[in-house]
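Okay, so here's the structure we're looking at.
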Amino acid sequence: MGHWFHQNVVEPGKLPMLLALFSFVVCFLLTRTITRLIRAGRGPFRNVTPGGMHIHHVVPGVILTVIGGFGAVSTGTRGPTPAVFAVVFGVGAGLVLDEFALILHLDDVYWTEQGRQSVEVVVLAAALAGLALGGFAPLGVDSLSVEQRQDRVTAIVTIVVNCLFAIVTFLKGKPRMGLIGVLVPLVALIGAVRLGRPGSPWAKRFYRARPRARARATLRAYHHDARWAGPRRTFQNWLGGAPDPSPPGAVPPR
């Protein structure tokens with residue numbers, strides 16, 4: 003195990019990235035645990051409110067991310083110093099993305115339905131970092147052979163085609179598949195050839211005069227959401243905590 007770790011993580015210079023990912027995940031889990039304890043009124047933890055102003059943990063998160071990011075890019079990938087900065091960056095990123103919904107909506111939506119977006123973004127970021135750590139390079143560069151990399155035309159065409167697949171996937175209203183497809187082109191290819199979601203830019207442009215395609219896209223999206231919405235909500239509730247119930251007739255925050 004030690005030989006494998008040294009050969010596949012330490013020698014390629016991936017240790018800082020592994021530490022950043024580990025500290026990112028641990029920080030998110032600890033933060034969610036503490037915020038859930040505060041919400042339930044248990045334990046010694048309390049909100050930080052100097053002078054009556056609630057200081058969200060995204061504030062120290064931004065500071066740590068800036069320190070860790072600048073420190074990491076200025077110290078290389080080997081030695082103890084980049085490892086320390088990687089941990090600082092991972093902790094800061096965990097604090098920031100845990101309040102991604104607050105940044106997006108410019109409102110404290112932490113325990114609302116909109117707050118689920120933070121959990122989803124954290125899971126997606128961890129998955130993308132894990133793929134990159136496993137050796138997947140953006141736009142399928144890792145899949146090219148040595149001869150193909152030496153042939154500039156082949157390499158450029160491959161990158162451009164994979165990039166187009168990812169862009170089409172985004173336009174079809176599938177951001178998760180598009181982001182993962184940047185690292186795994188096969189995922190982007192699947193997203194690009196399948197029907198776009200209703201309301202996506204692709205559907206508005208290409209399904210406007212095709213009622214059958216529009217109906218198929220709507221039906222497929224309905225079945226997909228009916229199949230996965232429940233398990234996704236259950237997982238988000240388990241990982242990040244269930245949101246507060248919305249009062250009857252309440253208008254969701256924008």
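For what it's worth, the working numbering labels the leading residue of the sequence shown as 3, then goes sequentially. Where a beta carbon is used, it is the ideal one built from N, C-alpha and C, also for glycine. All values derive from a computational prediction rather than experimental measurement.
Check: Quick check on DSSP: helix, strand or coil for Val170?; Outcome: helix
Check: Grab me the residues of Phe30's own chain with a C-beta within less than 6 Å of its C-beta, minus the 5 sequence neighbours each way, in chain order.; Outcome: Gly96, Asp100 and Val124
Check: In its own chain, which residues sit with a C-beta less than 6 Å from the C-beta of Leu173, not counting the 5 before and 5 after it?; Outcome: Pro203 and Trp204
Check: List the whole-angstrom C-beta distance separating Ile57 from Phe47, where the pair is believed to meet the contact cut-off of C-beta under 8 Å.; Outcome: In fact, because the Cβ distance is near 14 Å, the residues do not count as touching under 8 Å.
Check: Could you check which residue in Ala22, Ala139 and Arg178 has the C-alpha nearest to that of Thr160?; Outcome: Ala139
Check: Less than 7 Å between C-beta atoms, sequence neighbours within five positions excluded: which residues of the same chain meet that for Val121?; Outcome: Gln238, Leu241 and Gly242
Check: Would you grab the beta carbon distance between Gly70 and Gly53 for me? Rounded to a whole angstrom, and I think it's under 8 Å.; Outcome: So it is not a contact: roughly 28 Å between Cβ atoms.
Check: Based on Cα-Cα distance, which residue from Thr79, Arg216 and Ala103 lies nearest to Gly117?; Outcome: Ala103
Check: Return the first residue and the last residue of the alpha helix (DSSP H) that Asp110 is part of.; Outcome: Premise fails: Asp110 is in no alpha helix (DSSP H) and is neither H nor E.
Check: Helix, strand or coil, according to DSSP, for Leu20 in the structure here?; Outcome: helix
Check: Taking its Cβ as the centre, do 16 or more other Cβ atoms sit within 10 Å of Pro18, making it buried, or is it exposed?; Outcome: buried
Check: Counting along the chain, where does the alpha helix (DSSP H) carrying Glu101 start and finish?; Outcome: Here Glu101 belongs to no alpha helix (DSSP H), and DSSP marks it neither H nor E.
Check: Using the three-state DSSP reduction, which class does Ile40 fall into: helix, strand or coil?; Outcome: helix
Check: Pick helix, strand or coil for Asp153, following the three-state DSSP scheme.; Outcome: coil
Check: Among the residues of its own chain, which have a CB less than 8 Å from the CB of Gly132, if the five just before and after it don't count?; Outcome: Leu23
Check: Start and end of the alpha helix (DSSP H) containing Asn79?; Outcome: The sequence shown places Thr at residue 79, not Asn. Unbroken run through Thr79: none, as it is neither H nor E.
Check: Let me make sure I understand the geometry here. Which of Leu135, Phe208, Leu141 and Pro200 has the alpha-carbon closest to that of Gly294?; Outcome: The question about residue 294 has no answer, for the chain in this structure spans 3 to 256.
Check: Which of the three DSSP states, helix, strand or coil, is assigned to Met55?; Outcome: coil
Check: Would you kindly work out how many angstroms separate the C-alpha atoms of Phe7 and Pro14, rounded to a whole number?; Outcome: 10 Å
Check: Determine whether the beta carbon atoms of Gly92 and Phe26 lie at a separation below 8 Å.; Outcome: yes
Check: Would you mind giving the Cβ-Cβ distance between Ile182 and Leu130, rounded to the nearest angstrom? I have them listed as a contact below 8 Å.; Outcome: 7 Å
Check: With burial defined as no fewer than 16 other Cβ atoms inside 10 Å of the residue's Cβ, what is the status of Tyr224: buried or exposed?; Outcome: exposed
Check: With 16 other CB atoms within 10 Å as the buried threshold, where does Phe72 fall?; Outcome: exposed
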